[in-house]
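Residue numbers (the numbering used here): 608 to 952. Working notes, structure below.
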Ligand code: C5P
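This is the structure:
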C-alpha cells in the first residue's frame with residue numbers, strides 16, 4: 608500500500624507566547640505543495656523502517672521515526688495489539704529533512720492513511736486527524752492538504768477556499784534547523800525586547816485579531832472535512848491576516864506575495880544569517896514575495912506564473928545562495944493512496 612503526502616509551507620505563521628506545555632499557540636495558514644514523499648507499508652513480523660532518497664541518512668530510525676510512531680498510534684487507536692499492527696515502512700524522500708517543510712509530518716500522515724487501508728481499520732478522516740494530532744503538530748494538515756488555517760499547536764484546522772494555482776521556488780540550505788531551537792530563539796528575542804508578542808510580532812504581516820471563535824473565512828463545505836475548532840482563545844492570541852485571506856480568495860499572487868509573513872523568520876535568520884542573502888537574491892530576481900519556510904532553513908519564493916518560476920529557479924541556482932533549488936505548485940492534495948495491492952481473487 609503506497610501513499611503520497613505533501614510538504615507544506617506556511618503563508619502566515621503568527622506565534623503566540625510559550626504555553627505551560629512548552630508549545631506555542633499559533634495562527635497559521637498552511638499551504639500544501641507538490642513536493643512530496645512516498646510511503647509504502649506492508650505486513651511484517653515486527654515494525655521496521657527503511658528510508659531512501661533526499662537526506663535519507665538523517666531520518667531517525669526506530670521509535671523516533673514519525674511514520675513508525677504514527678503507525679503505532681493508529682494500531683493503539685484501532686485496538687490492534689501485539690503483532691497485529693506490525694508493519695514494514697519504506698519511505699522514499701524528496702522533502703528535505705529538518706528543512707521547515709514538515710517532511711517528517713508528511714511521512715507520518717502517509718503512514719496513517721496507508722495503515723488505515725492496509726488494516727481496514729476504517730477510521731474517518733476526522734478520526735485520523737485526531738490520531739495525527741497526537742503524533743505531531745503538522746501531521747493533521749498533511750492529511751488534509753490544500754490551504755488551511757491552523758490554530759492551537761497547528762493541529763486545529765479549517766480549510767480555506769483559495770483560488771488559483773501558485774508557483775513556488777524553493778531554495779534548500781546546506782544545514783538543518785531544529786524546530787524547538789528556533790522557537791526557543793524567538794522566545795529569547797522577544798524576552799530581550801520585553802515583548803510577549805501574540806499578534807504584533809515582527810514579520811506577522813498585517814495580522815489582525817480574530818473577533819471571536821467564529822469560522823474563518825473558509826468554504827463551509829470544505830471546512831466540514833477538517834477537524835472542527837474548539838473554543839479558540841480568540842482575541843488574546845495571534846491573529847489571522849485578513850488581507851492574506853482576501854488575496855487567497857481572489858487568487859491574486861501579487862497580493863499573496865505581499866502578505867506572506869512568518870514570526871519564526873527573525874529567529875531562523877539569527878541562527879543562519881546567510882539566509883538573508885538568499886531571501887534578498889530571490890526578491891531582486893523578481894519574486895512576488897519571499898520567506899523562510901516554517902522554522903527554516905528552506906527559503907520559498909512566490910512567482911507570478913510557471914514561466915517566471917522557471918526563470919527564477921534558474922537564476923537562483925546560478926546565484927550561489929543555496930544548496931539546491933526546486934519548483935513546486937500549490938495547493939496540493941493531502942495524503943492519498945497512489946498504489947494499492949489488488950484484492951485477492
Ligand atoms: O509537534 P511537533 O513535534 O512537530 O513540534 C516540534 C517542536 O516544535 C515542539 O517540541 C516545540 O518545541 C515546537 N513547537 C512549538 N509550538 C508549536 C509547534 C511546535 O513550540 N505550536
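Cβ atoms here follow ideal geometry from the backbone N, Cα and C, with glycine treated the same way. Source: prediction; values computed, not measured.
Secondary structure of residue i, DSSP reduced to three states
i	result
residue 796	helix
residue 645	strand
residue 929	coil
residue 735	helix
residue 762	coil
residue 946	strand
residue 940	strand
residue 900	coil
residue 694	strand
residue 786	helix
residue 632	strand
residue 626	coil
residue 610	strand
residue 669	helix
residue 801	coil
residue 701	coil
residue 639	strand
residue 934	strand
residue 620	strand
Same chain only: Cβ atoms within 8 Å of residue i, ignoring 5 sequence neighbours per side
i	result
residue 652	690 and 693
residue 915	774 and 893
residue 877	792 and 796
residue 827	For residue 827, the predicted model reports a pLDDT of 34, less than 50, meaning its position is unreliable; a value from the coordinates is still stated below. So no residue of the chain qualifies.
Where the alpha helix (DSSP H) through residue i begins and ends
i	result
residue 883	882–891
residue 723	710–725
residue 873	872–878
residue 849	849–857
residue 845	From DSSP, residue 845 is part of no alpha helix (DSSP H); its letter is neither H nor E.
residue 862	860–866
residue 747	746–751
Exposure of residue i, with buried meaning 16 or more beta-carbon neighbours within 10 Å
i	result
residue 670	exposed
residue 948	exposed
residue 900	buried
residue 945	exposed
residue 801	exposed
residue 615	buried
residue 927	exposed
residue 657	exposed
residue 938	buried
residue 744	buried
residue 921	exposed
residue 639	buried
Residue i versus the options, residue with shortest Cα-Cα distance
i	options	result
residue 929	884, 748 and 722	884
residue 791	615, 725, 616 and 631	631
residue 789	776, 612, 625 and 682	625
residue 736	685, 763 and 889	763
residue 906	937, 799 and 779	779
residue 633	619, 710 and 766	619
residue 980	707, 738, 919 and 705	With the chain running from 608 to 952 in the structure shown, residue 980 is simply not present.
residue 713	772, 760 and 643	643
residue 936	847, 753, 869 and 856	753
residue 704	724, 868 and 672	672
Contacting residues, own chain, Cβ-Cβ under 7 Å from residue i (five flanking each side not counted)
i	result
residue 660	699, 700 and 701
residue 875	784, 789, 882, 899, 902, 903 and 904
residue 890	897
residue 786	902
Same chain only: Cβ atoms within 6 Å of residue i, ignoring 5 sequence neighbours per side
i	result
residue 862	854
residue 933	777
residue 610	646, 717, 720, 721, 942 and 944
Residue range of the unbroken beta strand (DSSP E) whose run includes residue i
i	result
residue 659	655–660
residue 767	Counting along the chain, residue 767 falls outside any beta strand (DSSP E), and DSSP gives it neither H nor E.
residue 909	906–910
residue 777	773–779
Within-7 Å CB hit, residue i to chain E
i	result
residue 725	No chain E appears in this structure, which consists of one protein chain only.
Residue i CB to nearest heavy atom of ligand 3 below 6 Å
i	result
residue 708	Ligand 3 is not among the ligands present in this structure, which contains only ligand 1.
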